[in-house]
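Enquirer: Every number in our numbering is 102 more than the matching position in the sequence shown, counting from 1.
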Amino acid sequence: MRKGESRKTPPRSTRSDATAPWAGRPRPPRGGTLIESLRRLTGWDDSPPLALIFDFDGTLSPIVPRPKNARLDLTLRRLLERLASRRKVSIAVVSGRSLADLRLRTGLSGAALFGNHGAEFRFPDGHESRGFARSGRESIRRAERALSQKLAGCAGLEMENKGPALSIHYRRVRRMNRAAVRREVDAVARRYAGIVETLRGKCVLELRLRGLPDKGDAVRRLLRALAPGTHPVYFGDDITDRDAFRAVRGRGWSVQVGTGRGFRSVDFTLSGPRELRRQLQQLSAFLAKRPPGGRRRVTKATAPDQEIHVESPDRGLPPPGRRTRD
Ligand SMILES: [Mg+2]
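If you want it as structure tokens, here you go:
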């Protein structure tokens, strides 16, 4: 096992990995690290499509004191785009940020982007959708005005109106003042209890309209758009990623990025965004070594001496220009 990587104890396998492809199976093979498991998963000609799904802050991008300074750096962006361009690999980012903000900060092409924890999304074909009513925005604006009055003068506090949700970032607020921030946010949440609910993340509180999708809903929405049998791998670092971890359970793998907060049932843990990038570079290099075209050799039962080549169908996200159902 490499530095920076740890692995949870996997369940017992019921089939020998040495004699049969376990591609498509939801569990990692016994003794495998993440990159070893990914190599096993993708190393077969008829391996299942792979969906790599990432949270943004704290996962693709390190946590920074000011959320507005977070960016996807150019090297990682190119690496993700290279992966997205491969046959049978899909890339998606699921974030609490608004979709517009996420697009600006990632600059990714060829990837599905889910903003506001899945309340809005954009697929690579340009298809966009918003899962919230515009009328709800006024409630969020009222909550924002109320909090602005209550917390005026609180140094380091940043509020961000994302349309259907209001984020209150308090990472730069002095620790002695944080309890007061939480108290005021809870008071406003109680006042609008029938309309908004509260989400808690790393040094951020969020008031959001009730009934909006969570990250688990986003992952399920993505998987409905992909080919049956697609193997999802979800990478996240925060409490809100738990919904997504649950959504891939029994179908793919969950990967915790960063060790600050323990998640009991994840399949793998990486030390942080830097380790994640290293593993993605290794996966990209591994996939690049595979035969071009990814052709699958099939022998006809009726003509044992004759071999035919069958092109495996492209099972990634729909190409540009093709609309997805919604
Ligand atoms: Mg995060």
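Glycine included, C-beta positions come from ideal geometry on N, C-alpha and C.
1) On the premise that Leu-311 lies in contact with Ala-248, defined as a C-beta separation below 8 Å, what is that separation, rounded to the nearest angstrom?
2) Express the C-alpha separation of Asp-147 and Ala-403 in angstroms, rounding to a whole number.
3) Please go through the same chain and pick out, in chain order, the residues whose beta-carbon is closer than 6 Å to the beta-carbon of Trp-124, but skip the five residues on each side of it.
4) Do Asn-263 and Glu-240 have their C-beta atoms closer together than 8 Å?
5) Which of helix, strand or coil does DSSP assign to Pro-266?
6) My understanding is that Arg-276 touches Gly-303, with C-beta atoms under 8 Å, so please give their C-beta distance in whole angstroms.
7) Please report how far the alpha carbon of Gly-134 lies from the alpha carbon of Gly-145, in whole angstroms.
8) Which word fits Asn-171, buried or exposed, when buried means at least 16 other C-beta atoms lie within 10 angstroms of its C-beta?
9) To the nearest angstrom, how far is the alpha carbon of Arg-173 from that of Ala-153?
10) Can you confirm whether Gln-251, when its beta carbon is compared against all beta carbons of chain C, has any partner nearer than 8 Å?
11) Expressed to the nearest angstrom, what Euclidean distance is found between the alpha-carbon atoms of Arg-199 and Gly-220?
12) By the DSSP assignment, the beta strand (DSSP E) with Ala-153 in it spans what residues?
13) Straight-line CA distance for Arg-63 to Pro-167?
14) Classify Asp-227 as helix, strand or coil using the three-state DSSP reduction.
15) Reducing DSSP to helix, strand and coil, say where His-411 ends up.
16) Could you give the DSSP three-state label for Thr-161: helix, strand or coil?
17) Assuming the contact rule is C-beta atoms closer than 8 Å, Leu-204 and Ser-197 should be a hit. Round their C-beta distance to whole Å, please.
Expert: The structure says:
1) Not a contact, Cβ separation roughly 16 Å.
2) Reliability of the predicted coordinates at Ala-403 is poor, the pLDDT of 36 falling under 50, and no value is obtained from them.
3) Here Trp-124 scores only 44 on pLDDT, less than 50, and its place in the model should not be relied on; the value that follows carries that caveat. There are no such residues.
4) no
5) coil
6) With 8 Å as the limit, Arg-276 and Gly-303 do not qualify as a contact, their Cβ atoms being about 19 Å apart.
7) 14 Å
8) exposed
9) 22 Å
10) Absent here is chain C; the protein component of the structure consists of one chain.
11) 10 Å
12) 152-156
13) What the structure shows of the chain is the stretch from 103 to 428, and residue 63 is not part of that stretch, so it cannot be assessed.
14) coil
15) At His-411, the pLDDT of 33 sits below 50, so the modelled position is not reliable and the matter cannot be decided from this model.
16) coil
17) 5 Å
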